[in-house]
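Please read the structure below before turning to the comments.
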Amino acid sequence: MKASETTLRNLLEGGKQFQIPLFQRPYSWKKENWETLWEDLMSLYKEEVQGFYFLGPIVTQAVLGTADSITPFIVIDGQQRLTTLTIVLAALRNYLKKTDRDMAQEVEELYLINKFKKNDDIYKVLPTQDDREVYKSIIQSKQAKDIKKEGQIYEAYKFFEGKFKKPDYEDDISLDYAKFKTILLERLVLVNITSDDSDNPYLIFESLNNKGEELSQADLVRNYVFMKLPDEEREDVYKSEWLPLQEKFKLNMDKKEYADELTSAFWFYLRKDGDAVNQKEVYKALKKRFDKSEKSFAQPELGIKGELQNLVQFANYYQRLNFENEEPKPKLRRWFKRLMRLDFTTCHIFLLNIYHEYEEERLSLQDFEKILCYLESYFVRRWLTGVSTRVLGTVFNNLYTQVKAKNPDDLISGLRAVLISFEGNQVWPDDDSFRHAIIQGSLYSKSSSANDRVKLLLESIEEFVTKERVEFEKLTIEHIMPQKSPLRKEWQQMLGANYSNVQKKWLHTLGNLTLTGYNPELSNRPFEEKVILLRDSNLTLNQYFRKIDIWNEEAIKTRAEYLADIAMKVWPR
Numbered sequence: 065m066k067a068s069e070t071t072l073r074n075l076l077e078g079g080k081q082f083q084i085p086l087f088q089r090p091y092s093w094k095k096e097n098w099e100t101l102w103e104d105l106m107s108l109y110k111e112e113v114q115g116f117y118f119l120g121p122i123v124t125q126a127v128l129g130t131a132d133s134i135t136p137f138i139v140i141d142g143q144q145r146l147t148t149l150t151i152v153l154a155a156l157r158n159y160l161k162k163t164d165r166d167m168a169q170e171v172e173e174l175y176l177i178n179k180f181k182k183n184d185d186i187y188k189v190l191p192t193q194d195d196r197e198v199y200k201s202i203i204q205s206k207q208a209k210d211i212k213k214e215g216q217i218y219e220a221y222k223f224f225e226g227k228f229k230k231p232d233y234e235d236d237i238s239l240d241y242a243k244f245k246t247i248l249l250e251r252l253v254l255v256n257i258t259s260d261d262s263d264n265p266y267l268i269f270e271s272l273n274n275k276g277e278e279l280s281q282a283d284l285v286r287n288y289v290f291m292k293l294p295d296e297e298r299e300d301v302y303k304s305e306w307l308p309l310q311e312k313f314k315l316n317m318d319k320k321e322y323a324d325e326l327t328s329a330f331w332f333y334l335r336k337d338g339d340a341v342n343q344k345e346v347y348k349a350l351k352k353r354f355d356k357s358e359k360s361f362a363q364p365e366l367g368i369k370g371e372l373q374n375l376v377q378f379a380n381y382y383q384r385l386n387f388e389n390e391e392p393k394p395k396l397r398r399w400f401k402r403l404m405r406l407d408f409t410t411c412h413i414f415l416l417n418i419y420h421e422y423e424e425e426r427l428s429l430q431d432f433e434k435i436l437c438y439l440e441s442y443f444v445r446r447w448l449t450g451v452s453t454r455v456l457g458t459v460f461n462n463l464y465t466q467v468k469a470k471n472p473d474d475l476i477s478g479l480r481a482v483l484i485s486f487e488g489n490q491v492w493p494d495d496d497s498f499r500h501a502i503i504q505g506s507l508y509s510k511s512s513s514a515n516d517r518v519k520l521l522l523e524s525i526e527e528f529v530t531k532e533r534v535e536f537e538k539l540t541i542e543h544i545m546p547q548k549s550p551l552r553k554e555w556q557q558m559l560g561a562n563y564s565n566v567q568k569k570w571l572h573t574l575g576n577l578t579l580t581g582y583n584p585e586l587s588n589r590p591f592e593e594k595v596i597l598l599r600d601s602n603l604t605l606n607q608y609f610r611k612i613d614i615w616n617e618e619a620i621k622t623r624a625e626y627l628a629d630i631a632m633k634v635w636p637r
């Protein structure tokens, strides 16, 4: 590798193109990075900094072009800097179109485009596929409406465009754009490191990014896969496999980093076969898998593509399990949403395999639902009886293998048999333990997520005993015996002399909880007033109170026993 100092002018002049390869992440600089660059440029402009300003390295590798083409370079490191600098040049050019068209033309034809080339060869910098269309619209824009207004590339352009409109230099002095152009092109110094064409650009890139701070595990996986594929296949495989998966995750993640969720999907994929993989070692483990697949085929790329297709397939299953809008079947969507509300996503390790059985038509929808019912029962019974959740990762890493070994022809029977066989901290609590927990357990708490679980319990019991469709979204949990302490005299009299202990013992138990749309209205009212509204409710859960005239310790316990009988049918063992 050879290193030399250069200016932006020298780097961009001539028939060159700097290509950002697939193993690079999309453009990711943010406002704080743009602010720092602008402040550095202004320091040079105001002569606060003398001489040159070192901006950092650009690592490139020349690749073979044709006799009549540009000289292409792969950008191994420094794409964020290089892309940003050309965006600054594009914003400067567009501003100069209004004030100095000759200078605008010079900036464009010398530093942004290869004037006499066509198609993608025209661009001095060619970003990854994720950013390419927006970047091209900025470079080719005749006016503002031509620019695609999406992504970080556009946000960067908008930032620098704003700076040229209002440069924050001196309020009464306009920016000297000729001087600014000179500073940008001649006083920013980069170290251009060029590698030999026999070097592996990905391995150089990996060594430069080995701290793991800039790239997610998913980014590293993508990079490695496309480094392994032949050059002529990368674009097609990227468009057919990786890009659709990536875009789906982006759609579902809002502003959250989609790469983190994609990494999680890959982690679950690795664990579905029983491998105990640390989430921080997803890339390392997948790299081994791809290497193994590559060696198992006479044509190595077939092994790479096959493993990638498997990875994408199971990552799509992961999406359906985690993002309800991705699941096309309403019945499955309902079950998946329930698991999310219970915060019981560890079972997704096992469910990836079950979804694959279903997708391959080896498992019916009805049988899939039975499996989901047993899984939910396993979690709900453990939660209510207070069994630790720490072992669940180990349980579900190995569960599919155990189920297949127990009964390869009947997954439902196999699953039930394996779950019943568990003991100790892996136990599936029996009916006696479950019933006792429902009757005696204090469930309601200050945690909104924990209380949503409790609400789901009540909703599930209501759904089991009613034939009517209920809009649960508008309902809230109501304590029949109020939470307020000390209790009103009417409640003290109804509960008896030991009212304080009764309230403490039974307040947050299931027997004292229900669902209503009247929560603020009911509040701390006496039972005689509350029960009128409860009896008027359309919920079967509340029709129970049509025969209840007193609410004391015995009444709460009796209702808890009634709910426990239903719960054992909702969550069978």
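The sequence shown begins at 65 in my numbering and counts up one residue at a time. Note that beta-carbon positions come from the ideal geometry of N, C-alpha and C, so glycine has one too. Predicted, not measured: the structure shown is a model, and the values here were computed from it.
Can you name, in chain order, every residue of its own chain whose Cβ lies under 7 Å from the Cβ of residue i, other than the five neighbours on each side?
| i | result |
| --- | --- |
| LEU627 | ILE502, ILE525, LEU574 and GLY575 |
| ALA340 | ASN461 |
| TYR302 | LEU86, GLN193 and PHE290 |
| LYS369 | VAL301 |
| GLU625 | ILE503 |
| GLU325 | PHE313 and MET317 |
| GLN466 | VAL482 |
| LYS319 | Per-residue confidence for LYS319 stands at a pLDDT of 47, beneath the threshold of 50, marking its modelled position as unreliable; the derived number appears in the next sentence. Excluding residues within five positions, none has a Cβ falling inside 7 Å. |
| GLU250 | THR71 and ARG73 |
Since residue i and residue j are thought to touch, with beta carbons under 8 Å apart, how far apart are those beta carbons, to the nearest angstrom?
| i | j | result |
| --- | --- | --- |
| PHE330 | ALA362 | About 27 Å separates the two Cβ atoms, so there is no contact after all. |
| ILE620 | MET545 | 7 Å |
| THR410 | GLY457 | 6 Å |
| GLN83 | VAL139 | 7 Å |
| LEU415 | LEU385 | 6 Å |
| VAL198 | LYS212 | 5 Å |
| GLN81 | ILE134 | 5 Å |
| ILE630 | PHE536 | ILE630 to PHE536, Cβ: 16 Å. No contact. |
| THR124 | PHE137 | 4 Å |
| TYR159 | PHE228 | 4 Å |
| TYR241 | ASP295 | Contact flag wrong, Cβ pair sits at about 41 Å. |
| GLY79 | ASN178 | 5 Å |
| LEU334 | ALA349 | 5 Å |
Given residue i, which residues of its chain have a CB within under 8 Å of its CB, disregarding the five upstream and five downstream residues?
| i | result |
| --- | --- |
| GLU542 | LEU577, THR578, LEU579, THR580, TYR582, ASN583 and LEU586 |
| ARG599 | ASN606, GLN607, PHE609 and ARG610 |
| LYS243 | TYR109 |
| ASN274 | At ASN274, the pLDDT of 49 sits below 50, so the modelled position is not reliable; the number obtained from the coordinates is stated separately. None. |
| SER360 | GLY367 |
| LEU293 | VAL301, GLU365, ILE368 and LYS369 |
| SER509 | ASN515 and HIS572 |
| ILE247 | LEU105, LEU108 and TYR109 |
What residue does the beta strand (DSSP E) around residue i start on, and which one ends it?
| i | result |
| --- | --- |
| THR578 | 577 to 580 |
| GLU99 | That residue, GLU99, is in no beta strand (DSSP E); its alpha helix (DSSP H) goes 95 to 109. |
| TYR117 | 117 to 126 |
| PHE137 | 135 to 141 |
| ILE541 | 540 to 543 |
| GLN81 | 80 to 83 |
Excluding the five sequence neighbours on either side, which residues of its own chain have a C-beta within less than 6 Å of the C-beta of residue i, listed in chain order?
| i | result |
| --- | --- |
| LYS538 | GLY581 |
| PHE118 | VAL253 |
| LEU76 | TYR175 and LYS188 |
| ILE612 | none |
| GLY276 | Its pLDDT being 38, under 50, GLY276 is placed unreliably by the model, and the measurement read from it follows with that caveat. If we look at GLY276 and ignore the five residues flanking it on each side, it has no Cβ neighbours. |
| LEU439 | CYS411 |
Quick check on the DSSP output: the alpha helix (DSSP H) that includes residue i runs from which residue to which?
| i | result |
| --- | --- |
| PRO394 | 394 to 405 |
| HIS500 | 495 to 504 |
| PHE528 | 512 to 529 |
| SER477 | 475 to 485 |
| THR410 | Looking at the DSSP string, THR410 is not in any alpha helix (DSSP H), and its letter there is neither H nor E. |
| GLU69 | Element bounds for GLU69: not the alpha helix (DSSP H) but the beta strand (DSSP E), 66 to 71. |
| PHE361 | Careful: PHE361 lies outside any alpha helix (DSSP H) and carries neither H nor E. |
| LYS569 | 563 to 570 |
| VAL171 | 165 to 171 |
Would you please verify whether the beta carbon of residue i is less than 7 Å from any beta carbon of chain D?
| i | result |
| --- | --- |
| LEU119 | Note that chain D does not occur in the displayed structure, where there is just one protein chain. |
Would the segment 364 to 378 count as touching the segment 484 to 498 if we require 3 or more Cβ pairs under 8 Å? No: the two stretches stay apart, fewer than three of their Cβ pairs being nearer than 8 Å.
Any alpha helix (DSSP H) of 4 or more consecutive residues that is wholly inside the segment 181 to 251: Runs found: 193 to 204, 215 to 229 and 241 to 246.
Check whether the segment 553 to 560 touches the segment 508 to 526, counting contact only when three or more Cβ pairs, one atom from each stretch, lie closer than 8 Å. Contact between the segment 553 to 560 and the segment 508 to 526 is absent, because fewer than three Cβ pairs lie under 8 Å.
Contiguous alpha helix (DSSP H) assignments of at least 4 residues, all confined to the segment 418 to 457: Counting whole runs of 4 or more residues, the segment 418 to 457 contains the alpha helix (DSSP H) stretches 429 to 449.
Check whether the segment 416 to 434 touches the segment 467 to 483, taking contact to mean three or more Cβ pairs, one atom from each stretch, closer than 8 Å. Touching, yes, given that three or more Cβ pairs across the two stretches are closer than 8 Å.
Counting beta carbon pairs with one atom in the segment 417 to 433 and one in the segment 393 to 405, are three or more of them shorter than 8 Å? These segments touch.
Could you check whether the segment 210 to 230 touches the segment 152 to 167, counting it as contact only if at least three pairs of C-beta atoms, one from each stretch, sit closer than 8 Å? In this structure the segment 210 to 230 lies against the segment 152 to 167, because at least three pairs of beta carbons, one per stretch, are closer than 8 Å.
Can you check the segment 290 to 348 for any beta strand (DSSP E) of at least 3 residues that lies completely inside it and give the ranges in chain order? Given a length threshold of 3 residues, the segment 290 to 348 has no whole run of the beta strand (DSSP E) inside it.
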